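Visitor:
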Amino acid sequence: MQARGATRRSRARSLETFPSTSPFPPPHTEEDLLAWLRLLRSRRVGTSTFFRLMSECGDARAALDRLPGLASASGLSGYAACPVETARDEMRRGTIAGARLVAWGSSDYPPLLAAIPDPPPLLWARGRVELLRARSVAIVGARNASSLGLRMARALATGLGGAGIVTVSGLARGIDTISHQASLQTGTIAVMAGGVDVVYPSENATLAREIEETGLIVSEQPMGMQPQARHFPRRNRIISGLAGATVVVEAAAKSGSLITARDALEQGREVLAVPGHPFDARASGCNMLIRDGATLVRGPQDVLEALAQEPFERHATEPPASPPAEARIPATDDLHQLILDRLGPSPTSEDQLIRDIDRPTGIVAAEIVALELEGRILRQPGGMLSRN
Numbered sequence: 025m026q027a028r029g030a031t032r033r034s035r036a037r038s039l040e041t042f043p044s045t046s047p048f049p050p051p052h053t054e055e056d057l058l059a060w061l062r063l064l065r066s067r068r069v070g071t072s073t074f075f076r077l078m079s080e081c082g083d084a085r086a087a088l089d090r091l092p093g094l095a096s097a098s099g100l101s102g103y104a105a106c107p108v109e110t111a112r113d114e115m116r117r118g119t120i121a122g123a124r125l126v127a128w129g130s131s132d133y134p135p136l137l138a139a140i141p142d143p144p145p146l147l148w149a150r151g152r153v154e155l156l157r158a159r160s161v162a163i164v165g166a167r168n169a170s171s172l173g174l175r176m177a178r179a180l181a182t183g184l185g186g187a188g189i190v191t192v193s194g195l196a197r198g199i200d201t202i203s204h205q206a207s208l209q210t211g212t213i214a215v216m217a218g219g220v221d222v223v224y225p226s227e228n229a230t231l232a233r234e235i236e237e238t239g240l241i242v243s244e245q246p247m248g249m250q251p252q253a254r255h256f257p258r259r260n261r262i263i264s265g266l267a268g269a270t271v272v273v274e275a276a277a278k279s280g281s282l283i284t285a286r287d288a289l290e291q292g293r294e295v296l297a298v299p300g301h302p303f304d305a306r307a308s309g310c311n312m313l314i315r316d317g318a319t320l321v322r323g324p325q326d327v328l329e330a331l332a333q334e335p336f337e338r339h340a341t342e343p344p345a346s347p348p349a350e351a352r353i354p355a356t357d358d359l360h361q362l363i364l365d366r367l368g369p370s371p372t373s374e375d376q377l378i379r380d381i382d383r384p385t386g387i388v389a390a391e392i393v394a395l396e397l398e399g400r401i402l403r404q405p406g407g408m409l410s411r412n
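Using this note's numbering, the first residue of the sequence shown is number 25, and each one after it goes up by one.
1) Taking only the alpha-carbon atoms, compute the straight-line gap between Leu-137 and Ile-163 and give it to the nearest angstrom.
2) Is it buried or exposed for His-301, if we count other Cβ within 10 angstroms and need 16 for buried?
3) Three Cβ pairs or more, each shorter than 8 angstroms: is that satisfied between the stretch 137–148 and the stretch 241–259?
4) Would you mind listing the alpha helix (DSSP H) stretches within the stretch 169–218 that are 4+ residues and don't spill past its ends, in chain order?
5) Among Gly-368, Thr-212, Leu-362, which one has its Cα closest to the Cα of Arg-424?
6) I'd like the span of the alpha helix (DSSP H) that includes Ser-72, first residue to last.
7) If you measure between the beta carbons of Pro-141 and Leu-156, is that distance less than 7 angstroms?
8) Would DSSP call Thr-53 helix, strand or coil?
9) Do the stretch 174–183 and the stretch 222–234 make contact, defined as three or more Cβ pairs closer than 8 angstroms?
10) If you draw a straight line from the C-alpha of Gln-404 to the C-alpha of Ala-276, how long is it?
11) With DSSP as the reference, label Gln-325 as helix, strand or coil.
12) Secondary structure at Ser-410, three-state DSSP: helix, strand or coil?
13) Hey, how far is the Cα of Gly-280 from the Cα of Leu-296?
14) Pick from Asn-168, Thr-53, Gly-70, Ser-66: whose alpha carbon is nearest that of Pro-107?
15) I need the DSSP call for Leu-100, collapsed to helix, strand or coil.
16) Beta-carbon within less than 7 angstroms of Phe-74's beta-carbon, same chain only, minus the 5 sequence neighbours each way: which residues are those?
17) Starting from Gly-118, trace the beta strand (DSSP E) in both directions and tell me its first and last residue.
18) Can you give me the C-alpha to C-alpha distance between Ala-10 and Asn-228, rounded to a whole angstrom?
19) Grouping DSSP H, G and I as helix and E and B as strand, with all else coil, what is Ser-279?
20) May I ask which residues mark the beginning and end of the alpha helix (DSSP H) holding Gly-265?
21) With a 10 Å radius around its C-beta and 16 neighbouring C-beta atoms as the bar for buried, classify Gly-185 as buried or exposed.
22) Checking the sheet assignment: what are the DSSP bridge partners for Gly-151?
23) Considering only C-alpha positions, which residue in the set Ile-263, Ala-87, Leu-282, Gly-265 is nearest to Val-272?
24) Quick one: using the 10 Å Cβ neighbour count with 16 as the cut-off for buried, is Ile-353 buried or exposed?
25) Secondary structure at Ile-163, three-state DSSP: helix, strand or coil?
26) Please report the distance separating the alpha-carbon of Leu-125 from that of Thr-53.
27) Have a look at Pro-369 and Asp-358 and give me their C-alpha separation to the nearest angstrom.
28) Do you know offhand how far Phe-48's Cα is from Cys-81's?
29) Could you have a look at Gln-404 and say whether DSSP puts it in helix, strand or coil?
30) Following the continuous alpha helix (DSSP H) through Glu-374, name the residue where it begins and the one where it ends.
31) Using a threshold of 7 angstroms, state whether the C-beta atoms of Ser-413 and Val-190 are closer than that.
32) What's the call for Gly-151, buried or exposed, on a 16-neighbour Cβ count within 10 Å?
33) What number of angstroms, rounded off, separates the C-alpha of Arg-258 from the C-alpha of Val-388?
34) Using DSSP with H/G/I as helix, E/B as strand and the rest coil, what is Val-126?
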């Protein structure tokens, strides 16, 4: 892998800009990259805040200088940005793990991912980084997949790989695992919910090593981060964002695979689904998608025909839309309050709640999970939510 043992000079040469219409350049040096990492890892700085600050300040160092004042204006006392030592330690651990950082706007950053509303400013990558710019399709589905579902996933990944298309999935049990295994030799990308050096589930440790050798493992999370429930919806937007299309093989009516499909729709990507028996709960989500307009998939050829109608080349020449100027650092708290304000003791549909808030599905879903874990939201049967 090229990143192993790379010098600062060679890394700097690999970081080239997107077209000059971008209001701020990607990092050109190791110190620039360190400043980006510090800004992104600073408390209360998410993707939207990162891009807003970069657009307003022009570079990460200026944004870091501005952070304490913004935090103070938002009522946060004693705020400090991510320490230099913390960011340096993460970069050191990434080097030891054989990973490298890929920055938004650099020549290695995937154009399709750059075009989504909330692209990760930085991605950790282990393996063949060049796969980030290859034609790709996401294959997702149930962890407790049926034997027929596993056969279909294998057939799709094998057929698409033979056509030169890279498979993207999430390294989960079931459909994800089979999709990665079937495309090891033709190209596969595993998107992790935790750090790229943390394999989850642990039973896929051998598969992860094989993917690193012939494919690619990526994550927006810090090195060493253990995956948590709130990370998975955010991970799903990257799976769909890397791909020109998302194929759902098996999925229950309320599942992470359907979150990925919703993300794909919001990103303007093709959504396809494999039909199943109406009595099989694992097929209910796919049948719902087809009912609502997703392309029905019987085999790889159906996917290839759908892709022929969709252009793969999309380039981001400017940062994603920023929140209003009055938005402050604690954007997460603001979103939490928006969610809680729309909930009461009577159950509300999660889908309706997400539509009412009118923010990217992946972001809202992740914060719903966080509030649920904090005990502030109760999840009811049938995808209903209420305030605790």
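Ideal Cβ positions, reconstructed from N, Cα and C, are used throughout, including at glycine.
The structure displayed is predicted, hence computed values, not measured ones.
Guide: From the atom records:
1) Within the sequence shown, residue 137 is the residue found at index 113, counting from 1. Within the sequence shown, residue 163 is the residue found at index 139, counting from 1. For Leu-137 and Ile-163, the distance between alpha carbons rounds to 16 angstroms.
2) To locate residue 301, count along the sequence shown from 1; it is residue 277. With fewer than 16 other Cβ atoms within 10 Å, it is exposed.
3) yes
4) 171–186, 199–206
5) Within the shown structure, residues of the chain are numbered from 25 to 412, placing residue 424 beyond reach of any answer.
6) On the sequence shown, position 48 is the one that residue 72 refers to. Where Ser-72 is concerned, the enclosing alpha helix (DSSP H) stretches over 71–81.
7) For the purposes of this step, residue 141 is taken as the residue at position 117 of the sequence shown. For the purposes of this step, residue 156 is taken as the residue at position 132 of the sequence shown. In this structure, Leu-156 does not lie closer than 7 angstroms to Pro-141 by Cβ.
8) Counted from its first residue, the sequence shown places residue 53 at position 29. In the structure shown, Thr-53 sits in coil (DSSP, three-state: anything other than H, G, I, E or B).
9) These segments do not touch.
10) On the sequence shown, residue 404 is found 380 positions in, with the first residue counted as 1. On the sequence shown, residue 276 is found 252 positions in, with the first residue counted as 1. The straight-line gap from Cα to Cα measures roughly 16 angstroms.
11) Along the sequence shown, one-based indexing puts residue 325 at 301. If DSSP states are grouped into helix, strand and coil, Gln-325 belongs with the helices.
12) Stepping through the sequence shown from its first residue, residue 410 is reached at position 386. Strand.
13) Counting from one through the sequence shown, the residue named residue 280 turns up at place 256. Counting from one through the sequence shown, the residue named residue 296 turns up at place 272. About 15 angstroms.
14) On the sequence shown, position 83 is the one that residue 107 refers to. Here the closest residue by C-alpha is Ser-66.
15) Stepping through the sequence shown from its first residue, residue 100 is reached at position 76. Residue state, collapsed to three classes: coil.
16) One-based indexing of the sequence shown puts residue 74 at position 50. If we look at Phe-74 and ignore the five residues flanking it on each side, its Cβ neighbours are Leu-63, Leu-64, Pro-145.
17) On the sequence shown, residue 118 is found 94 positions in, with the first residue counted as 1. Where Gly-118 is concerned, there is no enclosing beta strand (DSSP E), although the alpha helix (DSSP H) it sits in stretches over 108–120.
18) What the structure shows of the chain is the stretch from 25 to 412, and residue 10 is not part of that stretch, so it cannot be assessed.
19) Here the question's residue 279 lines up with position 255 in the sequence shown. Coil at Ser-279, not helix or strand.
20) Translated into the one-based positions of the sequence shown, residue 265 becomes position 241. Its alpha helix (DSSP H) spans residues 255–265.
21) As a first step, residue 185 is located in the sequence shown; it is residue number 161 there, counting from the start. The residue in question, Gly-185, is buried, as its Cβ has 16 or more Cβ neighbours within 10 Å.
22) Here residue 151 refers to the residue found at position 127 when the sequence shown is read from its first residue. According to DSSP, Gly-151 shares a beta bridge with Leu-240.
23) Locating residue 272 in the sequence shown gives position 248, counting from the first residue. Ranking the options by Cα distance to Val-272, first place goes to Leu-282.
24) For this step, residue 353 is matched to residue 329 along the sequence shown. With a pLDDT of 47 at Ile-353, under the threshold of 50, the predicted position of this residue should be treated as unreliable, and no value is reported.
25) Position 139 of the sequence shown holds residue 163. Of the three classes helix, strand and coil, the one that applies to Ile-163 here is strand, per DSSP.
26) Taking the sequence shown and counting its residues from 1, the one referred to as residue 125 is at position 101. Taking the sequence shown and counting its residues from 1, the one referred to as residue 53 is at position 29. If you take the alpha carbons of Leu-125 and Thr-53, they lie about 12 angstroms apart.
27) In the sequence shown, residue 369 corresponds to position 345, counting from 1. In the sequence shown, residue 358 corresponds to position 334, counting from 1. Roughly 21 angstroms between the two C-alpha positions.
28) Residue mapping note: residue 48 aligns to position 24 of the sequence shown, counting from 1. Residue mapping note: residue 81 aligns to position 57 of the sequence shown, counting from 1. Taking the straight line joining both Cα atoms gives about 9 angstroms.
29) Taking the first residue of the sequence shown as 1, we reach residue 404 at position 380. Three-state result, Gln-404: strand.
30) In the sequence shown, the residue the question calls residue 374 occupies position 350. It spans 374–381 - the alpha helix (DSSP H) in which Glu-374 sits, taken as one unbroken run.
31) Outside the shown range of the chain (25 to 412) lies residue 413, about which nothing can therefore be said.
32) For the purposes of this step, residue 151 is identified with residue 127 of the sequence shown, where counting begins at 1. Its Cβ being crowded by 16 or more others within 10 Å, Gly-151 is buried.
33) Taking the sequence shown and counting its residues from 1, the one referred to as residue 258 is at position 234. Taking the sequence shown and counting its residues from 1, the one referred to as residue 388 is at position 364. For Arg-258 and Val-388, the distance between alpha carbons rounds to 9 angstroms.
34) Taking the sequence shown and counting its residues from 1, the one referred to as residue 126 is at position 102. Correct three-state label for Val-126: strand.
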